[in-house]
Amino acid sequence: MTPKFPDPPAFSMSSRNMATGPVPPPGDGEGTLHGGTSRGAASPRRRIQGSPPPERVPGCRQATTATSPWRMHCTGVRPSVSLLQHVLRGRVFFRRDRSTRIPSGCWLLLCLLLSGCMNSSEKKTRSDEPAAAPHVLPSAATPPGHPAVESFLDRYLAARPGFAVSLGLHQFDGKISDWSPAGIRAEKRALEQEQRRFEALLPALKTVAARHEVEMALSMIRLDLLRLDGGFEGSPSNPMAYAAALDLNVYLKRNYAPLEQRVHALTLVLEQAPDVFRSARAHLEESLPKPHVETAIQNARGGAEFIARDLPLATEGLRDPKLKTRLRETARLALAEFNRYADWLEATRLPKAHQHFALGRARFVRMLQADLIDLPPERILEMGRQALAAEQRVFADTARKLDPTTPPIKVYQTIQTNHPTADMLIEETHKNLEAIRSFVIERQLATIPSEFRVQVAETPRYARATSFASMDTPGPFESKGSEAYYYITPVEPEWTPAQQAEWLTAFNRYTTDVVSIHEAYPGHYTQFLWVNATPMTRLRKVYVSYPFAEGWAHYAEQMVIDEGFGQDPKKKDRESERRALSYRLAQSGEALLRLCRLCVSIEMHCGTFSLDEAARFFETQAFYEPKPARQEAIRGTFDPGYLYYTLGKLQLLKLRRDYEQQEGKEFSLLKFHNAVLAAGSPPIRLLRETLLKDPALWPETL
């Protein structure tokens, strides 16, 4: 008998436009178009009879307002607290999905340290290439774009130096954005002027390529202006933005230059901490959304902890005595600034905090339209609820086929016991990653345009307290430190056998492979390889559509399982059938989370959902335990775009159907997927214009 799932609560469209806050600037990292994406292997976070609730890292969510396939991914939930609460204090794993994207506000907690900053002898690595030999990916030419767009990009990147550095443009090392009130006003004026200029230019453009470039530039501008109105994680009206402005991650995670050169740049960033937090006190209103204040406090405390405890370890190879002294003194002062900021928020902003975080329908529609999505939120929600109900049936039916006598969530828990041993964790992860890559190639699902492999490695020791598993790929302009790492945090030898076993359940073979599909083949790493290998303009290398990037990776999860990964057509025995069903159950579980995000985003920002109601939705509809369910809801208060995992996937499925009908017998998945990947990461509406010949089909994105 199929288990019954509760119906989603009825949707009410009484719009609340309660977003608060003054004008905001160009945030680096996630505050801009590109957000760090977060991911890692998933965990037993769903409701299980008798199991204690898992925990997430305080304040660390998994996505922002736009993801980048070449940024770090890591997310997660902690295993049962009962076994690990004493041994694993602070050791959390990040459910893959900035599910994934990590807020820039967690730079020090998560992304900061998943790096190659330690000696090669300290890092156990598996790759088809020698681990100790850094490699440089050959890049295709970057043809010039439209002159107006090139001029815009020059100014845009100069105003966002931290973002530029993350792309691999190291002429901006050591600089950060101007967060002063005057700087923010100047940036807003510049964006408004550029918006008017491009809107006037658009009708006169003769070529599709030029029109698409200008459309993407306008998308970047509209998204940033929307953030300047407040309500997003990178908005200066959001207290989370300020710790994120001091981003050390780009200097620590990759050996693009000698350590001394990178530490010099890092020190310049830390020296600007007083100015950044002074700007915060000038910008932030007295009454702010409580989830944002609480998360900002956690992030600031985490920043101080990182500077005090982990930064010395991450830079222990430094030899220059003068630079060591300068770093030590600068870090001491920056640590004090982080703590003072957290103290100030606790004393002056937390007591007056409120629960009014909704963007309101009008601003939510602006967010959708910036990515060229014209459907009203009500229609998107209706489609999302229908898809959620259908996916719940898939989850229940799959579990019933595995074991008709056991509740679906218990069946889901059971498949998590199939995991590697501790000493085989890196080896098996590498082997499985290669198996996925081979499957994609042999089944002709997509071309992987490089033999350079992701290097599977143990998470650096100094980063293990805040990472479970993560994917770290370089920026599109990175010319030297171009290694890509898939980090796995191992068990510790001092743990008991029960504690080690519980840690390893999150590395169960089924969900971990689904994660690897999303992150590497043919997901984000493959996207990065195509951007690197395809001649495209600077704008196309810089621009990343949140719905496209995360929609593609989420689409890839289902597509690869649909095409038979995990099945052996030569075997028809029950064990082979169980293996295939276990992969489907793991993939379906991932889809449930993203579908709930879509519904919750619209309900919270356009409807009447409170934070408590949103958390309850994740509990009842995705079967999450209360703590991770609440953390998912909190993320939605400042990352309304996390609906794009599902929305982008649905758009790509619609495009695939239309393209197949157009191509007829000439259609193949290889042809379709290569055409999609060769486009960079544009809004999917523009991708439809590129691939579909009938203009009447272009607006029909869903």
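Just so we're aligned: the sequence shown equals residues -3 to 698 in my numbering. We treat Cβ as the ideally placed atom computed from N, Cα and C, and that holds for glycine.
* Nearest to G164 (by Cα), restricted to the options A240, V204, V538, K667 -> Numbered from its first residue, the sequence shown carries residue 164 at position 168. If we check each option's Cα against that of G164, V538 comes out closest.
* **For A465 and V53, the rounded distance between their alpha carbons** => The count along the sequence shown starts at 1 and reaches residue 53 at position 57. The count along the sequence shown starts at 1 and reaches residue 465 at position 469. In this predicted model, V53 has a pLDDT of only 30, less than 50, meaning its place in the structure is not dependable; the value taken from the coordinates is given anyway. Between V53 and A465, the C-alpha separation is close to 14 Å.
* Compare the C-alpha of E498 against each of T469, R305, T410, R652 and name the closest. => Within the sequence shown, numbered from 1, the residue matching residue 498 stands at position 502. Out of T469, R305, T410, R652, T410 has the C-alpha closest to the C-alpha of E498.
* Look at L341 and A292 and say whether their C-beta atoms are less than 7 Å apart. => Stepping through the sequence shown from its first residue, residue 341 is reached at position 345. Stepping through the sequence shown from its first residue, residue 292 is reached at position 296. Yes. Within cutoff.
* Roughly how many angstroms separate the alpha carbons of D339 and L346, rounded to a whole number? -> Position 343 of the sequence shown, counted from the start, is the residue given in the question as residue 339. Position 350 of the sequence shown, counted from the start, is the residue given in the question as residue 346. Rounded to the nearest angstrom, the two C-alpha atoms are 10 Å apart.
* With a CB to CB cut of under 7 Å and the five nearest residues on each side skipped, what residues in its chain are close to P691? -> The residue given as residue 691 occupies position 695 in the sequence shown. Nothing meets the Cβ criterion.
* So what's H350 in DSSP terms, helix, strand or just coil? -> Stepping through the sequence shown from its first residue, residue 350 is reached at position 354. Correct three-state label for H350: strand.
* To do: Count the other CB atoms, across all protein chains shown, that sit within 10 Å of the CB of L687; report buried if there are 16 or more and exposed otherwise.
  => For the purposes of this step, residue 687 is identified with residue 691 of the sequence shown, where counting begins at 1. So L687 counts as buried.
* To do: Using alpha carbons as the reference points, say which of V161, A629, V265 lies closest to G471.
  => In the sequence shown, counting from the first residue as 1, residue 471 sits at position 475. Ranking the options by Cα distance to G471, first place goes to V161.
* To do: Check the DSSP bridge columns for Y483 and list the partner residues they point to.
  => Reading the sequence shown from its first residue, position 487 is the one you call residue 483. Y483 is bridged to A453, S466.
* Return the CA-CA distance between L355 and H288, expressed in angstroms with no decimal places. => Within the sequence shown, numbered from 1, the residue matching residue 355 stands at position 359. Within the sequence shown, numbered from 1, the residue matching residue 288 stands at position 292. Computed Cα separation, rounded: 14 Å.
* **Meets three-Cβ-pair contact criterion under 8 Å: the stretch 260 to 271 and the stretch 319 to 339** => A contact between stretches requires three or more CB pairs, one per stretch, nearer than 8 Å, and the stretch 260 to 271 meets this requirement with the stretch 319 to 339.
* Given a threshold of 16 other Cβ atoms within 10 Å of its Cβ, counted over all protein chains shown, does L214 qualify as buried or as exposed? -> To locate residue 214, count along the sequence shown from 1; it is residue 218. By the neighbour-count criterion, in which 16 or more other beta carbons inside 10 Å mark a residue as buried, L214 falls on the buried side.
* Provide the residue(s) that pair with P285 in DSSP beta bridges, ordered along the chain. => Within the sequence shown, residue 285 is the residue found at index 289, counting from 1. DSSP lists H350 as partners of P285.
* Asked: How would you call D660, buried or exposed, if buried means at least 16 neighbouring beta carbons within 10 angstroms?
  -> As a working mapping, residue 660 is identified with position 664 in the sequence shown. It is Gly, not Asp, that sits at residue 660 in the sequence shown. It counts as exposed.
* W499 lies in the alpha helix (DSSP H); which residues open and close that run? -> Here residue 499 refers to the residue found at position 503 of the sequence shown. Start and end: 493 to 501.
* Indicate the three-state DSSP secondary structure (helix, strand or coil) for T238 in the structure shown. => In the sequence shown, counting from the first residue as 1, residue 238 sits at position 242. Residue identity differs from the one stated: residue 238 is Tyr in this sequence, not Thr. Note: Y238 maps to helix in three-state DSSP.
* Asked: When DSSP labels each residue in this structure, what does Y521 get in the three-state scheme?
  -> As a first step, residue 521 is located in the sequence shown; it is residue number 525 there, counting from the start. It is helical.
* Boundaries (first-last residue) of the alpha helix (DSSP H) holding S584 -> Working through the sequence shown from its first residue, we reach residue 584 at position 588. Taken as a continuous stretch (DSSP letters only), the alpha helix (DSSP H) holding S584 covers 570 to 602.
* To do: Could you tell me if T203 is buried or exposed, where buried requires 16 or more neighbouring beta carbons within 10 angstroms of its beta carbon?
  => On the sequence shown, residue 203 is found 207 positions in, with the first residue counted as 1. Burial call: exposed.
* Cβ-Cβ distance between G562 and R575 below 7 Å -> Numbered from 1 along the sequence shown, position 566 holds the residue referred to as residue 562. Numbered from 1 along the sequence shown, position 579 holds the residue referred to as residue 575. Yes, they are a contact pair.
* Asked: Count the other CB atoms within 10 Å of the CB of D635; is the residue buried (16 or more) or exposed (fewer)?
  -> As a working note, residue 635 is residue 639 in the sequence shown. Burial call: buried.
* **Beta-carbon proximity check, H415 vs L309, cutoff 7 Å** => As a working note, residue 415 is residue 419 in the sequence shown. As a working note, residue 309 is residue 313 in the sequence shown. For H415 and L309, no; Cβs fall outside 7 Å.
* So which of A144, F148, D399, Q167 has the shortest CA-CA distance to F473? -> The residue given as residue 473 occupies position 477 in the sequence shown. Among A144, F148, D399, Q167, the Cα nearest to that of F473 belongs to Q167.
* Asked: Given that a residue counts as buried once 16 or more other Cβ atoms are within 10 Å of its Cβ, and exposed if not, what is S173?
  -> Within the sequence shown, the letter at position 177 stands for residue 173. It counts as buried.
* Asked: What's the C-alpha gap between R396 and T443?
  -> Position 400 of the sequence shown, counted from the start, is the residue given in the question as residue 396. Position 447 of the sequence shown, counted from the start, is the residue given in the question as residue 443. Straight-line Cα distance between these residues: approximately 36 Å.
* Asked: Are the stretch 594 to 609 and the stretch 578 to 586 touching by the rule of at least three beta carbon pairs closer than 8 Å?
  -> The stretch 594 to 609 is not in contact with the stretch 578 to 586.
* Grab me the residues of L280's own chain with a C-beta within less than 6 Å of its C-beta, minus the 5 sequence neighbours each way, in chain order. => Here residue 280 refers to the residue found at position 284 when the sequence shown is read from its first residue. So the list reads P235, once near-sequence residues are dropped.
* Whose C-beta lies closer than 6 Å to the C-beta of H208 among residues of the same chain, with five residues either side of it excluded? -> Here residue 208 refers to the residue found at position 212 of the sequence shown. Leaving aside the five residues that flank H208 on each side, the residues in its chain whose CB is nearer than 6 Å to its CB run, in chain order, L682.
* To do: May I have the straight-line CA-CA distance separating Y620 from Q627, to the nearest angstrom?
  => Stepping through the sequence shown from its first residue, residue 620 is reached at position 624. Stepping through the sequence shown from its first residue, residue 627 is reached at position 631. Spanning the two alpha carbons is a distance of roughly 10 Å.
* Would a C-beta distance cut-off of 7 Å place K286 and L224 closer than the cut-off? -> As a first step, residue 286 must be located in the sequence shown, where it is residue number 290. As a first step, residue 224 must be located in the sequence shown, where it is residue number 228. Cβ atoms of K286 and L224: not closer than 7 Å.
* Asked: In chain order, what residues of the same chain lie with their CB nearer than 6 Å to the CB of Q496, ignoring the 5 residues before and after it?
  -> Along the sequence shown, one-based indexing puts residue 496 at 500. Correct list, in chain order: A418, V487.
* Asked: For Y542, which beta-bridge partners are listed by DSSP?
  -> Along the sequence shown, read from residue 1 onward, the residue named residue 542 stands at position 546. According to DSSP, which records beta bridges pairwise, Y542 is partnered with nothing at all.
* In angstroms, rounded to a whole number, what distance separates the CA positions of A261 and R192? -> Counted from its first residue, the sequence shown places residue 261 at position 265. Counted from its first residue, the sequence shown places residue 192 at position 196. Whole-angstrom Cα-Cα distance: 36 Å.
* **Y620 (DSSP reduced to helix, strand or coil)** => One-based indexing of the sequence shown puts residue 620 at position 624. In the structure shown, Y620 sits in a strand (DSSP, three-state: E or B).
* Assigned secondary structure, S677 (DSSP; H/G/I helix, E/B strand, else coil) -> Residue mapping note: residue 677 aligns to position 681 of the sequence shown, counting from 1. It is coil, neither helix nor strand.
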